[in-house]
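Chemist:
Protein chains: 2
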Amino acid sequence: MATDNRGIPIPTIKRFPSYLRLLKGYRDEGMEMVSATMLADELGLKPIQVRKDISCTGIEGKPKVGFTVVKLIDAIIHTLGWDNATDAVLIGAGHLGSALARYEGFETYGLKIVAAFDIDQHKWGAKLGEVPVYPLTQLKQYLEENRVNIGVIAVPAVQAQEVAEKLVECGILAIWNFAPKDLKLPMRVVVQRTDLATSFAVLSAKVKRKMVKEDLLEEDDEW
Amino acid sequence: MATDNRGIPIPTIKRFPSYLRLLKGYRDEGMEMVSATMLADELGLKPIQVRKDISCTGIEGKPKVGFTVVKLIDAIIHTLGWDNATDAVLIGAGHLGSALARYEGFETYGLKIVAAFDIDQHKWGAKLGEVPVYPLTQLKQYLEENRVNIGVIAVPAVQAQEVAEKLVECGILAIWNFAPKDLKLPMRVVVQRTDLATSFAVLSAKVKRKMVKEDLLEEDDEW
DNA sequence: TAGATTGTTAATCGATTAACAATC
DNA sequence: TAGATTGTTAATCGATTAACAATC
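Read top to bottom, the protein sequences are chains L and S. FYI, in full-length UniProt numbering the residues of the first sequence are 1 to 223. FYI, in full-length UniProt numbering the residues of the second sequence are 1 to 223.
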């Protein structure tokens, strides 16, 4: 059905890559079947949650036996849309951009960074791994000549909004934003943020919570 | 109260850094008061949600006027625990590690990377920005001599578990894991993952959803 | 067979949103 | 004052978890 993906909860989507990594390991070890119980145990989740997640892929298991490892792998990849490779341009060839361009994991997700752009002329002509770096002024032309759907932003915060708008003008459909800046863009554009600040905020909160809990325990001890 | 932070929802925590960035901008422009309505509008949130989030900081506003910008800034920083600087060690001085070590935003969060460690002897003695790189074998000694609470993991997936266990052995309280690997660690250790795969999975799912929606619209057109 | 595991339906839990009185 | 905005209480929404029948 076309509506297949419509209703898959975001939390489930977020767990899929973890399942996928684990399943690929099992496949490489020659394992053929796996139970939700085993996956849950390995990832620190509850079996019921794993079953619910798996049911979103449309795969059915066999009671007492579990699920076929390779079927599950294919189904998750398909559900995520990772079976169709997508080209992306990278804006910003600094340290972060450079690390992203060289990251080999992307091909696993069907993401291919085909070109990088930067305002700094010292970077022009260089290659970040396999990815050539062009002047930012050539972005528009490049996107006219090459069908690219995704833009990856790895520029300083102050430039992020401007770059994003340029990408949208050039027909980019989705933006993966690594700059610490909240972008204001038309609703039709898909924006995904990967923000160190947000991630660290959660870490900080968890640490603080733990501290508080330990403090409380100490207080209890005194009574 | 000591239990202050206990119950702040994770989604709220995740929005705090965005509020913070925006508020700092307002402060720098000399703005003294700000309404939840304005913040919501700027970030694409609903005013009520912003008010709920702000109430978690304990700050009270004035009807018709709003909230004091600098009070709000201080309260969010305090709620996140970012007013106490924390030292961290970085494991892995590759491209990603290098980018993290040089990232200037961390000081905003009260995070200070004091040393990096790597197995590759070619990296020893180098500096990533201000951060010196040592042999991984010196990690244990370093942590005995310096009180560090947070470990940042930026090594390849296959080494992540081993490195994490070593950090835990050495008394690290919290781990920020950038390796694409789910770590199995004692409950008492706080683990925060920043996983490109997870983030890209969400992007992929949103794109796919949009595609489906557009397909459905087209189908509708034919009827 | 017996028992582990699946899949479904219902209950619970937590966050978002709505409604509205209080207030500057 | 009038009206915008706050803060609280209740309703809604969505995800997780529990319960349990089906099944290999």
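Idealized CB from N, CA, C, for every residue including glycine.
Tell me the residue span of the alpha helix (DSSP H) that contains residue 140/S.
Modeler: Reading the second sequence from its first residue, position 140 is the one you call residue 140/S. First-last of the alpha helix (DSSP H) with residue 140/S: 139-145.
Chemist: Opposite residue 128/S in the DSSP bridges: which residues?
Modeler: The residue given as residue 128/S occupies position 128 in the second sequence. Bridge partners of residue 128/S: 131/S.
Chemist: Just mark residue 55/S as buried or exposed, buried being the case when its beta carbon has 16 or more other beta carbons within 10 Å.
Modeler: Here residue 55/S refers to the residue found at position 55 when the second sequence is read from its first residue. Under this definition residue 55/S is an exposed residue.
Chemist: Please report whether the beta-carbon of residue 16/S lies at a distance below 8 Å from any beta-carbon of chain L.
Modeler: Here residue 16/S is taken as the residue at index 16 of the second sequence, counted from 1. Yes, residue 16/S lies at the interface with chain L (some Cβ there is under 8 Å from its Cβ).
Chemist: Mark residue 17/S as exposed unless 16 or more other C-beta atoms lie within 10 angstroms of its C-beta, in which case mark it buried.
Modeler: Indexing the second sequence from 1 puts residue 17/S at position 17. Buried, because 16 or more other Cβ atoms sit within 10 Å of the Cβ of residue 17/S.
Chemist: In chain order, what residues of the same chain have a beta carbon less than 6 Å from the beta carbon of residue 73/S, not counting five sequence neighbours either side?
Modeler: Position 73 of the second sequence, counting from 1, holds the residue named residue 73/S. The beta carbon of residue 73/S sits closer than 6 Å to those of 23, all from its chain and outside the five residues before and after it, given in chain order.
Chemist: Going by beta carbon distance, what residues of the same chain come within less than 8 Å of residue 182/S, once the five residues before and after it are set aside?
Modeler: Translated into positions along the second sequence, residue 182/S becomes position 182. Around residue 182/S, the same chain offers 193 as residues with beta carbons nearer than 8 Å, after the five sequence neighbours per side are excluded.
Chemist: Short of 9 Å Cβ to Cβ, which residues in the region 170-181 of chain L face chain S?
Modeler: 173, 174, 175, 176, 180, 181
Chemist: Do the region 149-164 of chain L and the region 61-76 of chain L touch if we need at least three Cβ pairs shorter than 8 Å?
Modeler: no
Chemist: May I ask you to report which of helix, strand or coil DSSP gives residue 173/S?
Modeler: In the second sequence, counting from the first residue as 1, residue 173/S sits at position 173. In the structure shown, residue 173/S sits in coil (DSSP, three-state: anything other than H, G, I, E or B).
Chemist: Distance check for residue 150/L and residue 142/L, CA to CA, integer angstroms please.
Modeler: Sequence index remark: in the first sequence, residue 142/L carries index 142 (1-based). Sequence index remark: in the first sequence, residue 150/L carries index 150 (1-based). Taking the straight line joining both Cα atoms gives about 13 Å.
Chemist: Leaving aside the five residues before and after residue 8/L along the sequence, list all residues of the same chain whose C-beta is less than 8 Å from its C-beta, in chain order.
Modeler: Walking along the first sequence from the start, residue 8/L turns up at place 8. Answer for residue 8/L: 56, 79, listed in chain order.
Chemist: Please tell me whether residue 25/L has its Cβ less than 8 Å away from any Cβ of chain S.
Modeler: For this step, residue 25/L is matched to residue 25 along the first sequence. Not one chain S Cβ lies under 8 Å of residue 25/L.
Chemist: Between which two residues does the alpha helix (DSSP H) containing residue 49/L stretch?
Modeler: If you number the first sequence from 1, residue 49/L lands on position 49. That run of the alpha helix (DSSP H) goes 47-55.
Chemist: How many angstroms separate the CA atom of residue 83/S from the CA atom of residue 111/S?
Modeler: Here residue 83/S is taken as the residue at index 83 of the second sequence, counted from 1. Here residue 111/S is taken as the residue at index 111 of the second sequence, counted from 1. When rounded, the distance between both Cα atoms is 10 Å.
Chemist: Looking only at its chain, what residues have a beta carbon closer than 7 Å to the beta carbon of residue 35/S, apart from the 5 residues adjacent to it on each side?
Modeler: As a working mapping, residue 35/S is identified with position 35 in the second sequence. Counting only Cβ-Cβ distances below 7 Å, and skipping sequence neighbours, we find 66.
Chemist: Tell me which residue opens and which closes the alpha helix (DSSP H) that residue 43/S is part of.
Modeler: Taking the second sequence and counting its residues from 1, the one referred to as residue 43/S is at position 43. Start and end: 36-43.
Chemist: Among 33/L, 30/L, 20/L, which one has its Cα closest to the Cα of residue 53/L?
Modeler: To locate residue 53/L, count along the first sequence from 1; it is residue 53. Of 33/L, 30/L, 20/L, the residue nearest in Cα terms is 20/L.
Chemist: Where does the unbroken alpha helix (DSSP H) through residue 101/L begin, and where does it stop?
Modeler: In the first sequence, counting from the first residue as 1, residue 101/L sits at position 101. Note, residue 101/L: alpha helix (DSSP H), 95-102.
Chemist: Quick one, which of 63/S, 58/S, 69/S has its alpha-carbon nearest residue 29/S's?
Modeler: Counting from 1 along the second sequence, the entry for residue 29/S is found at position 29. Of 63/S, 58/S, 69/S, the residue nearest in Cα terms is 69/S.
Chemist: I want to verify the contact list: residues of chain L whose CB lies under 7 Å from the CB of residue 95/S, in sequence order.
Modeler: Working through the second sequence from its first residue, we reach residue 95/S at position 95. Ordered by position in chain L, the residues that pass the 7 Å Cβ test against residue 95/S are 98, 99, 102.
Chemist: Taking only three categories from DSSP, how would you classify residue 220/S?
Modeler: Numbered from 1 along the second sequence, position 220 holds the residue referred to as residue 220/S. Low confidence applies here, because residue 220/S scores a pLDDT of 48, under 50, leaving its location unreliable; read the following figure in that light. Helix.
Chemist: Taking Cβ positions only, does residue 199/S come closer than 8 Å to chain L?
Modeler: Your numbering for residue 199/S matches position 199 in the second sequence. At least one CB atom of chain L sits nearer than 8 Å to the CB of residue 199/S.
Chemist: Are the beta-carbon atoms of residue 179/S and residue 190/S separated by less than 8 Å?
Modeler: The residue you call residue 179/S lines up with position 179 of the second sequence. The residue you call residue 190/S lines up with position 190 of the second sequence. For residue 179/S and residue 190/S, no; Cβs fall outside 8 Å.
Chemist: Ignore the nearest five residues each way along the sequence and tell me which others in residue 108/L's own chain have a CB closer than 8 Å to its CB.
Modeler: Stepping through the first sequence from its first residue, residue 108/L is reached at position 108. Once the five neighbours on either side are set aside, the close Cβ partners of residue 108/L are 82.
Chemist: What is the DSSP secondary structure of residue 202/S, reduced to helix, strand or coil?
Modeler: Here residue 202/S refers to the residue found at position 202 of the second sequence. Three-state result, residue 202/S: helix.
Chemist: Assign residue 122/S to buried or exposed, taking buried as 16 or more other Cβ atoms, counted over all protein chains shown, within 10 Å of its Cβ.
Modeler: Taking the second sequence and counting its residues from 1, one reaches residue 122/S at position 122. Result: exposed.
Chemist: Helix, strand or coil for residue 185/L per DSSP?
Modeler: For this step, residue 185/L is matched to residue 185 along the first sequence. Residue 185/L: coil per DSSP, three-state reduction.
Chemist: By the criterion of Cβ-Cβ separation under 9 Å, what are the contact partners of residue 21/S in chain L?
Modeler: For this step, residue 21/S is matched to residue 21 along the second sequence. Residue 21/S reaches chain L at 157, 180, 181, 182, 197, counting residues in chain order whose Cβ is nearer than 9 Å.
Chemist: What does residue 205/S touch in chain L if you count any residue whose Cβ is under 8 Å from its own?
Modeler: Counting from 1 along the second sequence, the entry for residue 205/S is found at position 205. The answer, in chain order, is 5, 8, 10, 13, 80, 81.
Chemist: From 186/L, 120/L, 200/L, 204/L, pick the residue whose C-alpha is nearest to that of residue 94/L; which is it?
Modeler: The residue you call residue 94/L lines up with position 94 of the first sequence. Answer by Cα proximity: 120/L.
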